[in-house]
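Enquirer: Before anything else, here's the structure in question.
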Amino acid sequence: MLVNRGKFKLKELPVEESERHTARRVLRTMIELGWVKKESKHAAIYRLGPKGELLLDVDEETIQAANS
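Taking this note's numbering, I'd label the letters of the sequence shown as residues -17 to 50.
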C-alpha cells in the first residue's frame, strides 16, 4: 500500500481491532527511523518518510502525489 500509493491510513490496513495498539507502536517506531511520516501528531495519514523515499522502490510521481 505504501509503495503503491505513497500514503495510507491505519484503518486501511488489514489489522484486527485487538492488534491496533501494536500497529500504532510499530508505526511510531517507523516514524522515528524515517520510514514513514505524519503531518502532525494527530494526523490520520501516514506518508513515505525520507528513508522510505530513498530505499523503497517508489516512483517519483507517487512520492509527489503522496506529499500534495
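We put the beta carbon where it would ideally sit given N, CA and C, even for glycine.
(1) Ends of the beta strand (DSSP E) at Leu9?
(2) Which residue marks the beginning of the beta strand (DSSP E) containing Lys(-9), and which one marks its end?
(3) Helix, strand or coil, according to DSSP, for Lys19 in the structure here?
(4) What residue does the beta strand (DSSP E) around Leu30 start on, and which one ends it?
(5) Thinking Arg29 and Ala47 are a contact (beta carbons under 8 Å), I'd like their distance in whole angstroms, please.
Expert: Taking the definition as stated:
(1) Premise fails: Leu9 lies in the alpha helix (DSSP H), 2 to 15, not in any beta strand (DSSP E).
(2) Start and end: -11 to -9.
(3) It is a strand residue.
(4) Leu30 -> beta strand (DSSP E) spans 27 to 30.
(5) The distance from the Cβ of Arg29 to that of Ala47 is about 10 Å, inconsistent with a contact at the 8 Å cut-off.
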